[in-house]
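Peer 1: In the numbering used here, the protein residues as written are 5 to 334.
The beta-carbon is built from N, C-alpha and C at its ideal position, and this holds for glycine as well.
Here it is, the structure, as structure tokens.
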Amino acid sequence: MTLLIDRYQRPIDYLRVSITDRCDLRCIYCTPLGGSPKLDHDDILSYEEFLHLIQVAVDMGITKVRLTGGEPLVRKGVTDFCSRLAALPGLQSLSLTTNGVMLEELAQDVYNAGIRRINISLDTLQPQKFLRITRRDEFQRVWRGIESAENVGFSPIKINVVVMRGINDDEILDLAKLTLDRSYHIRFIEFMGFNNDSEWVNQHYVSADHILNSLQTLAPLEQITAQHTNGPARHFRWPDAKGVVGIISPISHHFCPSCNRIRLTADGKLRNCLFSDQEVDIKSPLRQGATDADLSQILRASIDNKPEKHCMQSDVFRKCQNRPMVAIGG
Ligand code: SAM
């Protein structure tokens, strides 16, 4: 098996692919008020093009692919695409991040397509607050979607919660308590200020330490190591709980030294760091008939330029947030 190593000796084996910039929610931390400019249909890679690029990446040593968006489940034909992707030789893990709105209808098809790992975003258990955060009244539908995913056999169900002070930080315990009698992984993510104004960001940012302290008010948590730690989350469990609590702290304890990922946007740009606006266009060469060797060189160059670490505080990164999260894919 080929190993892709960057210049800081990090193995790169994970590609996050945003298959659309369209989303059926408008989360306040992800989509600017008034929406973000939509890509033209022709600018979005076709499924054939995604398959081609992903096969090139897999041949180079990528073994894990996660589909994201926008909202990946709103793109027509997504489950057929997943089946074709799951069959790519050399791809060992295919997963999906979704807001859950379409899961009630699609969970079975997604499962049948060969996807076994699914992350669902849900920041609150309160319908009114859900409406405030996502600007859409879809809480019940998402909840039914989560239940459908569980019923068709996704396990564990991983729920991503972006924590924001004064908005949903009062629900940290309620959300985490779901792990007491369900085998869910509830993963709290530090809010990252992208295109929100800095005052709003400072007001709403909650550190991972604060999240952890809030959780410990119920009972001491034990940290879990070993097989669960394959990724940026630190995992914890309450004694006798069926599920797991995860903490993802891109800001306060950044995990750049073990970052193993690159990203491909819906319009065919490679991004080597979530926080940097360095993008490499791979769509144009692909459409101009580049060979697989050429495409693989473009991927290699993007990996070679992967920064050692992000620094949200530095000027470079602060002025580099050229896309809202909805157009990157998280
Ligand atoms: N629509 C899908 C979803 O909701 O999961 C996939 C795309 S979404 C951009 C991917 C992930 O990024 C979600 O878990 C979302 O909560 C997270 N995310 C988006 N904006 C964020 C921000 N500003 N800070 C932290 N996480 C964010």
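Can you determine whether any heavy atom of the ligand SAM sits closer than 6 Å to the C-beta of Tyr115, and answer yes or no?
Peer 2: no
Peer 1: Just to check my reading of the structure: Thr24 and Arg70 have Cβ atoms closer than 8 Å, yes? What is that Cβ distance to the nearest angstrom?
Peer 2: 14 Å between Cβ atoms; not a contact.
Peer 1: What are the start and end residues of the alpha helix (DSSP H) that includes Gly38?
Peer 2: Per DSSP, Gly38 lies in no alpha helix (DSSP H) segment and is marked neither H nor E.
Peer 1: Is Ser159 helix, strand or coil when you go by DSSP?
Peer 2: Looking at Ser159 - three-state DSSP - the assignment turns out to be coil, as it is neither helix nor strand.
Peer 1: I think Leu274 touches Ile266, with their Cβ atoms under 8 Å apart; what is that distance to the nearest whole Å?
Peer 2: 6 Å
Peer 1: Does the beta-carbon of Asp285 have 16 or more other beta-carbons within 10 angstroms, so that it is buried, or is it exposed?
Peer 2: exposed
Peer 1: I need the boundaries of the alpha helix (DSSP H) containing Ile300, first residue and last residue.
Peer 2: This sequence places Ser at residue 300; Ile is not what is there. Residues Asp296 to Asp308.
Peer 1: Pull up the CB-CB distance for Arg191 and Ala237, whole angstroms please, since I reckon it's below 8 Å.
Peer 2: Confirmed, about 6 Å.
Peer 1: Taking DSSP as the reference, what is the three-state secondary structure of Pro243?
Peer 2: Here Pro243 sits in coil by DSSP.
Peer 1: Please report how far the alpha carbon of Asn123 lies from the alpha carbon of Glu53, in whole angstroms.
Peer 2: Rounded to whole angstroms, Asn123 to Glu53 spans 25 Å at the Cα level.
Peer 1: Where does His189 sit, in a helix, a strand or coil, going by DSSP?
Peer 2: strand
Peer 1: Which of helix, strand or coil does DSSP assign to Lys68?
Peer 2: strand
Peer 1: Tell me whether Tyr188, by its Cβ, gets closer than 6 Å to a heavy atom of the ligand SAM.
Peer 2: no
Peer 1: Quick one, which of Asp84, Gln130, Arg148 and Met106 has its alpha-carbon nearest Ile176's?
Peer 2: Gln130
Peer 1: Straight-line CA distance for Ala153 to Gln112?
Peer 2: 7 Å
Peer 1: Leaving out five residues on either side along the sequence, give the residues of the same chain with a beta carbon under 7 Å from the beta carbon of Asn206.
Peer 2: none
Peer 1: Could you tell me if Ala223 is buried or exposed, where buried requires 16 or more neighbouring beta carbons within 10 angstroms of its beta carbon?
Peer 2: exposed
Peer 1: Please state the DSSP three-state secondary structure of Lys273.
Peer 2: In the structure shown, Lys273 sits in a strand (DSSP, three-state: E or B).
Peer 1: In three-state DSSP terms, what is His232?
Peer 2: In this prediction, His232 has a pLDDT of 45, which is less than 50 and means its spatial position is unreliable; nothing more can be read from the coordinates.
Peer 1: Give a yes or no on whether the C-beta atoms belonging to Ala212 and Glu194 are separated by under 7 Å.
Peer 2: yes
Peer 1: So, with DSSP's three-state summary, where would you put Glu312?
Peer 2: When DSSP states are grouped into helix, strand and coil, Glu312 belongs to the coil group.
Peer 1: Tell me the residue span of the alpha helix (DSSP H) that contains Asn116.
Peer 2: Leu107 to Asn116
Peer 1: So does the stretch 16-32 actually touch the stretch 70-85, counting three or more Cβ pairs closer than 8 Å?
Peer 2: Yes, they touch.
Peer 1: Helix, strand or coil: which one does DSSP assign to Asn206?
Peer 2: For Asn206, the secondary structure class from DSSP, reduced to helix, strand or coil, is helix.
Peer 1: Between which residues of its own chain and Ser253 is the CB-CB distance below 6 Å, once the five residues before and five after are set aside?
Peer 2: Glu194 and Ala212
Peer 1: Does DSSP put Ser50 in a helix, a strand or coil?
Peer 2: coil
Peer 1: Indicate the three-state DSSP secondary structure (helix, strand or coil) for Asp63 in the structure shown.
Peer 2: helix
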